[in-house]
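Participant:
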Amino acid sequence: MSDLTSEPEAFMETAIGVFESRERAEEAVKSLIEQHVPEESIVYLTRSESEAQSVGRQLGAFAGGFVGGAAGLSAGVAAATILAVPGIGAVFALGFGAAALLGLVGAGTGAAVGTSASKDHAVPEPTSGADSAADATVFYRFLSEGHSVIVVRTESTQIAGTACAILDQLGISMKKDAEGRSKVTTRQIDGVAIADIDGKIALDEGTALLRETIRELIERGNFLIMLNLRGVNFVDSAGLGELVRTHASIRSHGGQLKLVNPSRTVNDLLRITKLDRVLDIEPDEASALSSFGQTPGASKAAG
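In terms of my numbering, the sequence shown opens at residue 144 and continues consecutively.
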């Protein structure tokens, strides 16, 4: 059994805020900046050009129009990448980290200054293997449902804590009423690694533990992984970010991830944020075990 201990090495925390209201999303960006969360740590995703313009002014993303790409920009001017995503339409991704977040580094995507958002731009496949680039499919799913998304990525625990407090307050979130220490126990059934999680998947109380558990499982050759969430009583914005990062990491190794037995409140959070349409959620272990298909990682796990 593992429990949450201090991490000797810094790693990138990812906090995700999903917003149904434009006003609350814009308020969140304003609050992040006012609370000294670095602009370079903030990425804002929306399908609304007017919303992108409004938020862009706060982030310094505008200099006479949208700026394409994330490189070669003068200091103090954030990138505003414009993509045409099949089935969704125009997506506005604001922030220096937008290209890396969507796996577009080196792809030359984005619109030039003054280019109309309606003009098509190819969307390349996300870069493979890098845990720093989350699965873009997740973010596109949020957007396809009409939500706006704020992502804060930082190695600073203090900044991550500030961002989580703001995103949890203003975005779609769970009521924080859970106490106790986070723990994980791992076991194996029929070539599938199962991580039984108890407590929170939250900043400083579970995200580091979950990340370390997944890293160890993958290093041991486990690519079919099940997270048993029966004992999870709280997930914050950093926890959502860690679930997305875990999903992307396992996929990049050719494996599969299943979430099993989420409590009603956790399941409601995944449903409202639309993560239930991206992450594979099963009602029980038997259903999850039978749903694993053969992937490049499956043969490794079986061996």
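All C-beta atoms, glycine included, are put in the ideal place defined by N, C-alpha and C.
Taking just the CA atoms, how far does Gly384 sit from Ser392?
Facilitator: Within the sequence shown, residue 392 is the residue found at index 249, counting from 1. Within the sequence shown, residue 384 is the residue found at index 241, counting from 1. Cα to Cα, Ser392 sits roughly 12 Å from Gly384.
Participant: Considering Cα atoms alone, identify which of Thr305, Ser299, Ser380, Gly349 is closest to Gly374.
Facilitator: Residue mapping note: residue 374 aligns to position 231 of the sequence shown, counting from 1. It is Gly349 whose Cα lies nearest to the Cα of Gly374.
Participant: Tell me the rounded alpha-carbon separation between Val403 and Asp419.
Facilitator: In the sequence shown, the residue the question calls residue 403 occupies position 260. In the sequence shown, the residue the question calls residue 419 occupies position 276. About 12 Å.
Participant: Could you check where the alpha helix (DSSP H) with Ser380 kicks off and where it finishes?
Facilitator: Walking along the sequence shown from the start, residue 380 turns up at place 237. Per DSSP, Ser380 belongs to the alpha helix (DSSP H) from 380-395.
Participant: Once DSSP output is grouped into helix, strand and coil, what is the label at Asp427?
Facilitator: Within the sequence shown, numbered from 1, the residue matching residue 427 stands at position 284. Residue state, collapsed to three classes: coil.
Participant: Does the Cβ of Ala158 have 16 or more other Cβ atoms within 10 Å, making it buried, or fewer, making it exposed?
Facilitator: For this step, residue 158 is matched to residue 15 along the sequence shown. With 16 or more other Cβ atoms within 10 Å, it is buried.
Participant: Does the Cβ of Lys401 have 16 or more other Cβ atoms within 10 Å, making it buried, or fewer, making it exposed?
Facilitator: On the sequence shown, residue 401 is found 258 positions in, with the first residue counted as 1. Flag for Lys401 reads buried.
Participant: Below 8 Å between beta carbons: does that hold for Ile344 and Leu353?
Facilitator: Position 201 of the sequence shown, counted from the start, is the residue given in the question as residue 344. Position 210 of the sequence shown, counted from the start, is the residue given in the question as residue 353. It is a contact, given that the beta carbons lie within the stated cut-off.
Participant: How long is the line joining the alpha carbons of Ile309 and Glu428, rounded to whole angstroms?
Facilitator: Here residue 309 refers to the residue found at position 166 of the sequence shown. Here residue 428 refers to the residue found at position 285 of the sequence shown. Going by the C-alpha atoms only, they are around 35 Å apart.
Participant: Given that a residue counts as buried once 16 or more other Cβ atoms are within 10 Å of its Cβ, and exposed if not, what is Arg414?
Facilitator: As a working mapping, residue 414 is identified with position 271 in the sequence shown. The residue is exposed, with fewer than 16 neighbouring Cβ atoms inside 10 Å.
Participant: Expressed to the nearest angstrom, what Euclidean distance is found between the alpha-carbon atoms of Arg330 and Arg407?
Facilitator: Numbered from its first residue, the sequence shown carries residue 330 at position 187. Numbered from its first residue, the sequence shown carries residue 407 at position 264. Going from the Cα of Arg330 to the Cα of Arg407 covers about 24 Å.
Participant: Buried or exposed: which applies to Gly289, given that a residue is buried once 16 or more other Cβ atoms fall within 10 Å of its Cβ?
Facilitator: Position 146 of the sequence shown, counted from the first residue, corresponds to residue 289. Answer is exposed; the Cβ neighbour count stays below 16.
Participant: To which residues of the same chain is Gly162 closer than 8 Å at the C-beta, ignoring the five residues directly before and after it?
Facilitator: Within the sequence shown, residue 162 is the residue found at index 19, counting from 1. Strictly speaking, residue 162 in this sequence is Phe, with Gly absent from that position. Once the five neighbours on either side are set aside, the close Cβ partners of Phe162 are Ala168, Ala171, His290, Ser291, Val292, Ile293, Leu313, Gly314, Ile315.
Participant: Pull up the distance between the alpha-carbon of Val409 and that of Thr416, whole angstroms please.
Facilitator: For the purposes of this step, residue 409 is taken as the residue at position 266 of the sequence shown. For the purposes of this step, residue 416 is taken as the residue at position 273 of the sequence shown. About 11 Å.
Participant: Please look up how many angstroms separate the CB atoms of Val335 and Leu367, rounded, as I've assumed it's under 8 Å.
Facilitator: Position 192 of the sequence shown, counted from the start, is the residue given in the question as residue 335. Position 224 of the sequence shown, counted from the start, is the residue given in the question as residue 367. Indeed they touch by this definition, with Cβ atoms about 5 Å apart.
Participant: What does the alpha-carbon distance come out to for the pair Leu188 and Ser197?
Facilitator: Taking the sequence shown and counting its residues from 1, one reaches residue 188 at position 45. Taking the sequence shown and counting its residues from 1, one reaches residue 197 at position 54. Rounded to whole angstroms, Leu188 to Ser197 spans 12 Å at the Cα level.
Participant: Does DSSP put Lys401 in a helix, a strand or coil?
Facilitator: Looking up residue 401 in the sequence shown gives position 258. The answer is strand: DSSP assigns Lys401 an E or B state.
Participant: Return helix, strand or coil for Ile176, following the three-state DSSP convention.
Facilitator: Here residue 176 corresponds to residue number 33 of the sequence shown, with the count starting at 1. The answer is helix: DSSP assigns Ile176 an H, G or I state.
Participant: Tell me where the beta strand (DSSP E) around Ser291 begins and ends.
Facilitator: As a position in the sequence shown, residue 291 is number 148, starting the count at 1. Where Ser291 is concerned, the enclosing beta strand (DSSP E) stretches over 291-297.
Participant: Nearest to Asp411 by alpha carbon, out of Lys318, Glu183, Ala236?
Facilitator: In the sequence shown, the residue the question calls residue 411 occupies position 268. Selected option, being the one with the closest Cα: Lys318.
Participant: Just how far apart, CA to CA, sit Asp379 and Gln201?
Facilitator: Against the sequence shown, residue 379 aligns to sequence position 236. Against the sequence shown, residue 201 aligns to sequence position 58. CA-to-CA, the gap between Asp379 and Gln201 works out to about 25 Å.
Participant: Count the other CB atoms within 10 Å of the CB of Arg190; is the residue buried (16 or more) or exposed (fewer)?
Facilitator: Along the sequence shown, one-based indexing puts residue 190 at 47. That one is buried.
Participant: On the DSSP letters alone, give me the boundaries of the beta strand (DSSP E) that Ala336 sits inside.
Facilitator: The sequence position of residue 336 within the sequence shown is 193, counting from 1. Here the beta strand (DSSP E) through Ala336 covers 335-344.
Participant: Take Glu183 and list the residues in its own chain whose beta-carbon comes closer than 8 Å to its own, dropping the five residues that flank it on each side.
Facilitator: The sequence position of residue 183 within the sequence shown is 40, counting from 1. Correct list, in chain order: Ala221, Gly238, Phe239, Gly240.
Participant: With 16 other CB atoms within 10 Å as the buried threshold, where does Asp347 fall?
Facilitator: Here residue 347 refers to the residue found at position 204 of the sequence shown. Classification for Asp347: buried.
Participant: Within its chain, find whatever has a CB closer than 6 Å to the CB of Asp341; leave out the 5 residues flanking it on each side and keep chain order.
Facilitator: Taking the first residue of the sequence shown as position 1, residue 341 is located at position 198. The residues are Lys326, Gly374.
Participant: Looking at the secondary structure, which residues open and close the beta strand (DSSP E) in which Gly232 lies?
Facilitator: The residue given as residue 232 occupies position 89 in the sequence shown. That run of the beta strand (DSSP E) goes 232-237.
Participant: By the DSSP assignment, the alpha helix (DSSP H) with Glu359 in it spans what residues?
Facilitator: Along the sequence shown, one-based indexing puts residue 359 at 216. Its alpha helix (DSSP H) spans residues 350-362.
Participant: Would you mind reading off the limits of the alpha helix (DSSP H) that contains Ile415?
Facilitator: Within the sequence shown, numbered from 1, the residue matching residue 415 stands at position 272. Bounds of the alpha helix (DSSP H) holding Ile415 are 407-415.
Participant: DSSP beta-bridge partners for Thr189?
Facilitator: Your numbering for residue 189 matches position 46 in the sequence shown. DSSP output for Thr189 lists Phe235 as bridge partner(s).
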